[in-house]
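Comments concern the structure below.
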């Protein structure tokens, strides 16, 4: 035998190279810029344990064999009369004397709801258990990052779902869990700052969360805040939900029937138009006796409480605009590098006509430019932030991008990928 390298040397080096490649690949996946997805209104799954629910006789009142059932969004629940069961299970209750004076809402009798999958992306990919293009939520963004940047679900991309029925004052535990998730993601990525991607209501909640964190914490852990269709200044459609219900565009839902549910959600109050964006003299609701009579009253952000009092709301609801309007100062900047993305070029509800007499559905009165839900003028709030903080703020407007469909818009996918590819840094300071 020759005196050269031992016979096992080639095998040794081959195995060593394989181990080195595996090591480096694993390390690289851990060092990608971490992304955390925050859903908007209706973007989180809601499940429940049913134990003696007092819902209509044809509804399931107990969970079979103790297994929880999906409340939101179970597509079959949208059909009549199952929609009545969904309404019972989703409504929030409170003591009338404490409503809007304390974080005190709770589930209906016999219903115990929970939000599954905190930190897990799978629960925010689709709006329902039926996976179609009409129920796609964050699925396109996740698939794009996986394909273009080799991201891995639940490793580099995580999610922070929450009970979208609640307002910030009832989400203290959620915000603490989110903070822990951000810090853990930062450390697992070897000190790479986190990119927060939030949609709709989620954008306003993240603004509230960032306001509650010290600047040194934000400087250390947050690389970029991407707000998609952020409802920072509220939306007029929330007034529609309060007055006559909003069926979310689903024909099988009777708006008036769903009104009780939406009135009970603090998040509906939290999304009422904010005077910082809408002003105090812009007509939002016009109350009419009967056409063609002129309106007998015009309501703005300055007198919404009077409107709700006349609408015979339950005790405590009239205080909603004042209470929830003070929770988040939308004029205060987030204190981190921010990109606000808005759709425009689509008719968006600007004001409504409400028939004062009788229990009737309010009608659209005027429309403005926006994404069909959030007014394009909301971008002004983001622009104002740029003069109030050192970190850059950028505004991107996507023509004809609808409020939900924007999440699958290739222009948005490339924008998010660009932010992530740059490690959260922005290419422009304006």
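Residue numbers (mature numbering (1 follows the signal peptide of the UniProt record, and there is no 0)): -26 to -1, 1 to 404.
From the three backbone atoms N, C-alpha and C, an ideal C-beta is built for every residue, glycine too.
Predicted, not measured: the structure shown is a model, and the values here were computed from it.
- Taking a C-beta distance under 8 Å as the contact criterion, residue 309 and residue 192 qualify as a contact pair.
- In the DSSP assignment, residue 10 falls within the unbroken beta strand (DSSP E) covering 9 to 12.
- From the listed residues 24, 68, 185 and 173, the smallest Cα separation to residue 359 is found for 185.
- Relative to the Cα of residue 169, the nearest Cα in the group 190, 196 and 157 belongs to 196.
- Closest by C-alpha distance to residue 84, out of 213, 257 and 22, is 22.
- About 25 Å separates the Cβ atoms of residue 270 and residue 208, ruling out a contact at the 8 Å cut-off.
- Between residue 20 and residue 90, the alpha-carbon positions lie close to 7 Å from each other.
- For residue 59, the uninterrupted alpha helix (DSSP H) run begins and ends at 56 to 64, by DSSP.
- In this model, residue 67 and residue 315 are separated by some 35 Å (Cα to Cα).
- For residue 103, the number of other beta carbons within 10 angstroms of its own is below 16, and it is reported as exposed.
- Under the three-state reduction of DSSP, residue 388 is assigned to helix.
- Straight-line measurement puts the Cα of residue 51 at about 45 Å from the Cα of residue 189.
- The Cβ neighbour count for residue 344, taken over all protein chains shown within 10 Å, is at least 16; the residue is labelled buried.
- When rounded, the separation of the alpha-carbon atoms in residue 7 and residue 321 is 36 Å.
- DSSP, reduced to helix, strand and coil, places residue 86 within a strand of the structure shown.
- In the DSSP assignment, residue 218 falls within the alpha helix (DSSP H) that extends over 211 to 218.
- Under DSSP, residue 25 takes part in a beta bridge, and its partners are 36.
- For residue 146, the uninterrupted alpha helix (DSSP H) segment begins and ends at 146 to 162.
- The bridge partners DSSP lists for residue 321 are 343.
- Per DSSP, reduced to three states, the secondary structure at residue 191 is helical.
- Taking the Cα positions, residue 365 is about 43 Å away from residue 336.
- Residue 123 sits in a helix when the DSSP states are folded into three classes.
- A straight line joining the alpha-carbon of residue 302 with that of residue 48 spans about 32 Å.
- Residue environment for residue 13: buried (at least 16 other C-beta atoms within 10 angstroms of its C-beta).
- Shown here, residue 244 sits in a helix according to DSSP, grouped into three states.
- Taken atom to atom, the span from the alpha-carbon of residue 273 to that of residue 329 is near 13 Å.
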